[in-house]
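Working notes, beginning with the structure itself.
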Amino acid sequence: MGIFTKKTIEAPVVVPRHVAIVLDGNGRWAQKRGLPRTAGHAAGSENFRRIATYCRDIGMEHLTVYAFSTENWKRSEEEVSAIMGLLKKYLLEALEKMEKDRIRLNFFGDLSRIPEELQELANRTLETSTHYQGFQANVCLNYGGRDEILRAAKKFAADCAAGKCSPDDLNEAMFSGLLDSAGIPDPDLVIRPSGELRLSNFLLWQSAYSEFYFTDVLWPDFDEKELNKALAAYAQRDRRFGGVKKQ
Ligand code: FPP
3 MGIFTKKTIE APVVVPRHVA IVLDGNGRWA QKRGLPRTAG HAAGSENFRR IATYCRDIGM
63 EHLTVYAFST ENWKRSEEEV SAIMGLLKKY LLEALEKMEK DRIRLNFFGD LSRIPEELQE
123 LANRTLETST HYQGFQANVC LNYGGRDEIL RAAKKFAADC AAGKCSPDDL NEAMFSGLLD
183 SAGIPDPDLV IRPSGELRLS NFLLWQSAYS EFYFTDVLWP DFDEKELNKA LAAYAQRDRR
243 FGGVKKQ
C-alpha cells in the first residue's frame with residue numbers, strides 16, 4: 003500500500019469507461035536515482051499493479067497499457083530480457099492472486115514473437131480470469147497500432163480470398179471487430195506521462211476520438227492522485243465527436 007491509501011484519495015467525479023496509458027519514463031526515473039534502467043521498469047511494473055487496482059476500485063471498465071511496442075525490440079538484449087522477465091514475474095504473481103484481485107487480464111499485440119513461456123502464461127492468465135466481471139486490464143505486448151491494422155487487413159483479405167466475404171462488406175464496425183481490441187469500447191482518455199507529446203504507434207485506430215492528457219510525471223511516480231488529476235481534466239472536456247456543442 004502506498005502513501006495514498008483509499009481513505010485519503012478523493013473519488014473522481016467522472017470515471018471514463020476506458021483509459022489507455024503509455025507506460026513511459028521508467029528509464030529516466032531510474033537514472034535520476036542512479037539506478038539501472040531495469041530498476042525503473044521494475045518500479046513501473048509495480049505501479050501498473052497499483053493503478054490497475056485503483057481503476058478497478060473506482061469502477062472503470064477497461065485500462066489498456068502500452069508495455070512493450072513492436073519498436074522496443076531495438077533496445078539492448080539485456081533490457082529486453084529484463085522487461086520480459088518482469089512480465090513473467092508479474093503474470094505469475096497475478097495468477098496467484100487472481101481469485102482475490104478479480105481483474106480480467108487480456109493482451110493486445112502479436113504475441114507470437116514474445117518468449118514461448120510468456121505466451122503460455124499470458125494465455126493462462128487470460129483463460130483463468132476470463133469469467134471475472136467488471137474490470138479488464140489490457141496489456142499491449144509486441145504491440146504497434148500499424149501492425150495491428152495490417153494484421154486486421156490481412157485477416158480480412160484472407161477471408162475475402164476464401165470467399166467468406168467481399169470488399170464491399172467492409173465498414174468501420176466490421177474492421178474494429180478484426181482488431182486486437184474487438185468488442186472493447188474505444189479509449190475515452192489516452193494518458194502519456196513523462197513529458198513526451200506523441201502517440202508512438204499506440205491505439206491508432208481506436209484513439210480517433212479519444213481525449214489526450216500529457217504530464218511530465220514519470221510513470222513510476224504516476225500514482226492515484228495523478229490519475230485523479232487526469233480524470234478531473236477529462237471531466238472538463240467537451241466531447242463532440244465531430245458534432246456541435248449541445249445547448
Ligand atoms: C517505457 O519507458 C517503458 C517500457 C518500454 C517498458 C514498460 C514495461 C514495464 C513497466 C514492465 C512490465 C509491465 C507490466 C504491465 C507488468 P522508457 O524505458 O522508454 O523510459 P525513458 O523514456 O525514461 O527511457
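Residue 209 in the working numbering is what sits at position 207 of the sequence shown, and the numbering runs on without skipping anything. We put the CB at the ideal spot given by N, CA and C, even for glycine. All of these numbers come straight from a predicted model, not from anything done at the bench.
At least one heavy atom of ligand 1 falls within 6 angstroms of the beta-carbon of R30. Annotation: the stretch 93 to 138 contains the following complete segments of the beta strand (DSSP E) (minimum length 3 residues), in chain order: 106 to 110. Under the DSSP definition of a beta bridge, T55 lacks any partner. Sequence-distant Cβ neighbours of D240 in its own chain, meaning closer than 7 angstroms and more than five residues away, are K247. About 11 angstroms separates the beta carbons of P14 and L191, which is beyond the 8 angstroms limit, so they are not a contact pair. Rounded to the nearest angstrom, the gap between the Cα atoms of R35 and I186 is 38 angstroms. DSSP places I60 outside any alpha helix (DSSP H), giving it a letter other than H or E.
Every unbroken stretch of the beta strand (DSSP E) spanning 3 or more residues and falling wholly within the stretch 158 to 199 is given here in chain order: 191 to 194. Residue pairing by DSSP places S71 opposite Y145 in a beta bridge. Taken through DSSP and simplified to helix, strand or coil, A84 comes out as helix.
Around N144, the same chain offers F70, T72, G111, D112, L113, R115 and I116 as residues with beta carbons nearer than 7 angstroms, after the five sequence neighbours per side are excluded.
The C-alpha of S196 is placed about 23 angstroms away from the C-alpha of Y92. DSSP places Y211 outside any beta strand (DSSP E), giving it a letter other than H or E.
By the beta-carbon neighbour count (other beta carbons within 10 angstroms, threshold 16), G165 is exposed. Taking a contact as a CB-CB distance under 8 angstroms, the pair V21 and I193 counts as one, their CB atoms being some 7 angstroms apart. Residue environment: G42 is assigned as buried (16 or more neighbouring CB atoms within 10 Å of its CB, all protein chains considered). Spanning the alpha carbons of S202 and L220 requires a straight line of approximately 16 angstroms.
Burial is judged here by how many other beta carbons sit within 10 angstroms of a residue's own beta carbon; L65 has at least 16 and is buried.
Secondary structure of I11 (DSSP, three-state): coil.
The alpha-carbon of A159 is positioned some 28 angstroms away from that of N74. For H43, DSSP records no beta bridge to any residue. Between V67 and L128, the gap from beta carbon to beta carbon reaches 7 angstroms or more. When only Cα atoms are considered, Q138 and N108 end up about 7 angstroms apart. DSSP, reduced to helix, strand and coil, places N140 within a strand of the structure shown.
Around A235, the same chain offers Y215 as residues with beta carbons nearer than 6 angstroms, after the five sequence neighbours per side are excluded. Bridge pairing for A22: T66 and V192 [DSSP]. Here DSSP, grouped into helix, strand and coil, assigns R242 to coil.
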